[in-house]
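Reading through the structure tokens given below for one structure.
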Amino acid sequence: MWQRSRLTRGALLAIGVATAASSVLTGCSSPATQAPKPGASGGTGGALVVGVTSDPDTLFPWKATQFQAVNVLQNIYGTLTEFDKDLNTVPGLAKSWETSKDGRTLNFTLRDGVTFSDGSAFDSKDVKYSLDKIKDEATAAVAAASLASVTSVDAPDPQTVVLHLSAPDAALPSNLAVVNMAMLSSDDTEASLNTTPDGTGPFVLKNRVASQSLTLVKNDKYWGDKPKLGSIEFRVIPDESSIVSAMQSGNVQLAVFDDPLVAKTAAAAQLNVAKTPQLSYHVLQLNGRRGDLTDLNVRLAVQCAIDRKQVLDTAALGEGTVTGPITAPAFKSNPDQRPCPARDLAKAAEYLGKAGKSAGVKIKTIVSQGEYSTSVNEAQSLKAQLAEAKINLDLEVLESGAYVDRWVAGDFDAAVALNGGRPDPDGMYNRYFTSTGNLNKVTGYSSPELDKLFAAGKASTDQHERKAIYDKVSVELENNAPWIWLFTSYAYTATTSQVQGFIPMANASLQYLRTTAVN
Amino acid sequence: MLRKLIHNRIVRRVASMIGTLLGVAVFVFIMLRAIPGDQITAGLGTEAAALSPAQQEALQRYYGLDQPLFTQFFSWLGNLFTGNLGYSARAQQSVLDLTLRSLPVTFELAVLSIILALLIGIPLGMLAASKPDSGRDAFGQFVSLAGLSVPAFLLATTLLSVFASSFGFNPNGQGYATLAGDPLLNLRQMLMPAIVLGFGIAAPILRTTRTAVLEIRSDDFVRTARAKGVPARRLQTKHVLGNALVPIVTMTGLQFGYLLGGAVVVEQIFSVPGIGRQVLLGIQQKEYAVVQSTVLVIALTFVIVNLLTDLLYRVIDPRVRAS
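If you read the protein sequences in the order shown, they are chains A and B. Using the working numbering, read the first sequence as starting at 690 and increasing by one per residue. Using the working numbering, read the second sequence as starting at -6 and increasing by one per residue.
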């Protein structure tokens, strides 16, 4: 009996202390005090908090490939050209440009009165410095290859820049619109910009706490329409469902998700969720230099044995659209123009027979785990479908670092991938499928016909003519099946009801934070 | 003289600590190089395939990957002695600065979790032991089983989403507040992660307490004390619990050490910028110096906690002092 009374009292005491402590802690908070006060700081349009799963891995725009880094930096830096909401190339820091008749000279006229955030003036000297540096291999800029056609850059006067090209390059203006082509001041260095960005964009870095938050404030000297927001905080919340919780409690007002399941949770939590079809595409990449895949018939058999819609439905909740190679709206491929628009097992067997592989083939396939949410499910769906056509996908599910390592070395028969798309088809595929492309060593497929088509696409500036050329590129790619294009998915932009004026884009860019307001 | 020194327990203890830390340093260094990829591929992803050889070289120089492994190891180790734990290119900060910010966060979380775990584990353990195979024992067993088997991430996500959606309570959705900067917000932000971790750790403490109390209670001295008329409360706390403390302290020390590096999942879900997350980000970005130095700091803290636990034995158990 003695034990009972004493222990109960002790336990009660402990529980009491814990309850008291927690009620003190929780009692001090009400939803009203937690929510940031939009408009309270940072100017007219208020303060926006964007939830992100990771902070930028670099602040140097020429080396930024990480999604979060690109999204932050494109709000800080300016480029000669820009994309509008439909991904058309429009003037940026260059107010106009003109191509010479022979297509070998590109003349840019720069905007007047543009300054960097440190107050120094932007002029042609900075453009020449930036383009020369990006081209210089010692800089290791990721967009260097996009300037391959540029032989020299002249700056005859402060407002004019002349690019001399080795051959016409119609894709160049669009290639200049990405943040990897940001215009930097000739007075800045990589080391200084790594901590103190100095751009011409609509926002300026105010404060960064690594792996916690990064805050931008409005650039009052911005040359374009002044941003409506006073400040934007990119708040790091590593877990996507925790971002949804933070939006429910009013702490975060905007976030972009790629996982359809998280988007469903967000929609169920009464948040506004806008879905935007993306340029990026899900694809089964075949390595045309390996084993049975060197045979076109085997590749075509793979293509015919896949029901793309079924992969989309089982792996990605049906959230997407079956696609051909080119996903850019202005050049979109017709997904029905391929050897087997619908799954055709008889035809797949016929192709395998032609290849002398009626008994079946085995394809070692790498899959990345954790890189994006649907990868493993896609791989399993593909494996199940292909097995019915005696094509055995031998799946190797790898941690993303190991996957990248194998991919970069071209050490795979096939790879399940989510590839980023670009607004111009030349930028998108030239590097993969021309004999001189810098990623051709990984794809292992090129042809004289494709080389010719890509060259023609670069030489023409006529939009209709280019569309016709890239339609042929699409057909050529589908008929030779170096890759099996599957589907494009959506990006989901979740916002609270306070957010207005944000325009999501097909390249997942957050550039329209400059037109966004919080009320 | 030398023999005496070698036989000195403290000297032996310090030597074994240094040996452990050196072993950890070498192990982590090798493991990091053995896993595929490097800082270049971690940063660029598949874009790394598009680099020209000259660009590759420039990047390897930039990240110090062009140095032989031997040089990499000893220059890192040498730098440690000057207080230079390396530099994080991602954060653009020294690893020392990063660690000085993240270690106290995890330390605070660990202390709070342990306090909660002790508040749950010891009373419930004693309650369960007070009448074995009874209803209260079953309740204790149930709580400990739940603590061990409910995954922390599940409990964490559920707590967070239920409180955020039903009560609008989500202090963790706000930017992290330091204990010195905004103590109240900081404690609110620590509340849910500490509950999740504390609940998990309460289970082994509860079980240890139950077993130890049952064992001590059957000892002769307890019967003698009771026979001498020692009041029940005093018997419980001083005689039984006092003697059961050694295994409980051992278990608590172990769990505390585990929390220093093992709270990473909970840190992720509740956006707590602790040291576990620092290691995780370092591994994801293949920032070798960040991982090596941070793991070493965690190991050092673990070793110190172990040492303190051993010292605590001397305080709570006169028999240890005597030996």
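Ideal Cβ positions, reconstructed from N, Cα and C, are used throughout, including at glycine. The structure displayed is predicted, hence computed values, not measured ones.
- Residue-level contact check: residue 251/B does not touch chain A, since none of the beta carbons of chain A fall below 8 Å from its beta carbon.
- At least one C-beta of chain A is nearer than 8 Å to the C-beta of residue 86/B.
- By the C-beta criterion, the stretch 1043 to 1061 of chain A is judged not to be in contact with the stretch 1000 to 1020 of chain A, since fewer than 3 inter-stretch pairs fall below 8 Å.
- Here DSSP, grouped into helix, strand and coil, assigns residue 263/B to coil.
- Note on geometry: alpha-carbon atoms of residue 908/A and residue 891/A lie some 5 Å from one another.
- Around the Cβ of residue 308/B, a 10 Å sphere holds fewer than 16 other Cβ atoms; the residue is exposed.
- Segment contact: the stretch 198 to 206 of chain B against the stretch 144 to 160 of chain B, fewer than three CB-CB distances shorter than 8 Å; contact not assigned.
- Residue 236/B and residue 302/B have their C-alpha atoms spaced approximately 16 Å apart.
- If the five residues before and after residue 1142/A are omitted, its C-beta is found closer than 7 Å to the C-beta atoms of 1158, 1161, 1162 and 1165, all from its own chain and listed in chain order.
- Residues of the stretch 182 to 194 of chain B with a C-beta atom less than 7 Å from some C-beta of chain A are 184, listed in chain order.
- Of all residues in the stretch 1080 to 1101 of chain A, those with a C-beta nearer than 7 Å to a C-beta of chain B are 1090, 1091, 1093, 1094, 1096 and 1097, reading in chain order.
- In this structure, DSSP gives residue 857/A a state outside helix and strand, which the three-state scheme calls coil.
- Chain A has no Cβ within less than 8 Å of the Cβ of residue 179/B.
- Per DSSP, residue 756/A is one residue of the alpha helix (DSSP H) stretching across 756 to 762.
- The three-state secondary structure of residue 988/A, taken from DSSP, is helix.
- Fully contained in the stretch 935 to 995 of chain A are the following beta strand (DSSP E) runs of length 3 or more, in chain order: 943 to 946 and 961 to 975.
- In the same chain as residue 1179/A, and ignoring 5 residues on each side of it, the C-beta atoms closer than 7 Å to its own belong to 964, 965, 966, 967, 1008 and 1009, in chain order.
- In the three-state reduction of the DSSP assignment, residue 803/A falls in the coil class.
- In this structure, 1150/A is the residue among 1150/A, 741/A and 1171/A with its C-alpha nearest to the C-alpha of residue 790/A.
- By the rule that beta-carbons nearer than 8 Å mark a contact, residue 901/A touches chain B.
- Not flagged as an interface residue toward chain B: residue 762/A, since no C-beta distance is shorter than 8 Å.
- Secondary-structure assignment with DSSP links residue 749/A through no beta bridge to anything.
- Taking all protein chains in view, the Cβ of residue 1117/A is crowded by 16 or more other Cβ atoms within 10 Å, so the residue is classified as buried.
- Annotation for residue 868/A: no beta strand (DSSP E) segment contains it, and DSSP assigns it neither H nor E.
- Rounded to the nearest whole angstrom, the CA to CA distance from residue 91/B to residue 34/B is 23 Å.
- Residue environment analysis places residue 992/A among the buried positions, since at least 16 neighbouring C-beta atoms fall within 10 angstroms of its C-beta.
- A direct Cα-Cα distance of roughly 7 Å separates residue 754/A from residue 36/B.
- Contact between residue 835/A and residue 864/A holds, since their C-beta atoms are separated by about 4 Å, short of 8 Å.
- The alpha-carbon separation between residue 876/A and residue 749/A amounts to approximately 15 Å.
- If you draw a 10 Å sphere on the C-beta of residue 24/B, you find fewer than 16 other C-beta atoms in it, and that means exposed.
- Close to chain B, meaning a Cβ-Cβ distance shorter than 8 Å, are the following residues of the stretch 1113 to 1139 of chain A: 1120, 1127, 1128, 1130 and 1131.
- Contact between residue 1167/A and residue 1013/A holds, since their C-beta atoms are separated by about 6 Å, short of 8 Å.
- Interface annotation for the stretch 919 to 934 of chain A against chain B: 922, 924, 925, 926, 927, 928, 930, 931, 932, 933 and 934, criterion Cβ-Cβ distance under 9 Å.
- Annotated as distal: residue 95/B and residue 88/B, with beta-carbon spacing of 8 Å or more.
- Residue environment analysis places residue 841/A among the exposed positions, since fewer than 16 neighbouring C-beta atoms fall within 10 angstroms of its C-beta.
- Chain-order list of chain A residues neighbouring residue 279/B: 1090, by C-beta distance under 8 Å.
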